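The letter at position 3 of the sequence shown is residue 1430 when you use the working numbering, and the numbering goes up by one with no holes.
As structure tokens, the structure follows; a few thoughts come after it.
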Amino acid sequence: IDLTFISVPEGRLVRGSSRDKYFALSYVWGGRSIFQTTTSNSLTSIMKKIPATIQDSIALMQSMGERYLWVDSL
């Protein structure tokens, strides 16, 4: 299955597969998104708009040295 991950080391969205090693955050935060992400978006440009739970998960992945984080709502 094709998935879109946050590539933690690169700080952007990338395409991947369900066969890749990744961590998942099931986080539906309600309402409509105020921005739309694409694989060309650098997360640094939208980081202030991303909820703290997702930011904390990205920081956790960095500290663990993991590459991919999948979030169900971004």
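Glycine included, every Cβ here is placed at the ideal spot set by N, Cα and C.
Since this is a predicted model, take the numbers as computed values, not measurements.
Kindly indicate which three-state DSSP category residue 1429 falls into: helix, strand or coil?
In the structure shown, residue 1429 sits in a strand (DSSP, three-state: E or B).
When you compare only the Cα positions, how much space is there between residue 1481 and residue 1470?
11 angstroms
I'd like to know whether the C-beta atoms of residue 1477 and residue 1435 end up nearer to each other than 8 angstroms.
no
For residue 1470, the first and last residue of its enclosing alpha helix (DSSP H)
From DSSP, residue 1470 is part of no alpha helix (DSSP H); its letter is neither H nor E.
Alpha carbon to alpha carbon, how far is residue 1444 from residue 1453?
17 angstroms
Which word fits residue 1428, buried or exposed, when buried means at least 16 other C-beta atoms lie within 10 angstroms of its C-beta?
exposed
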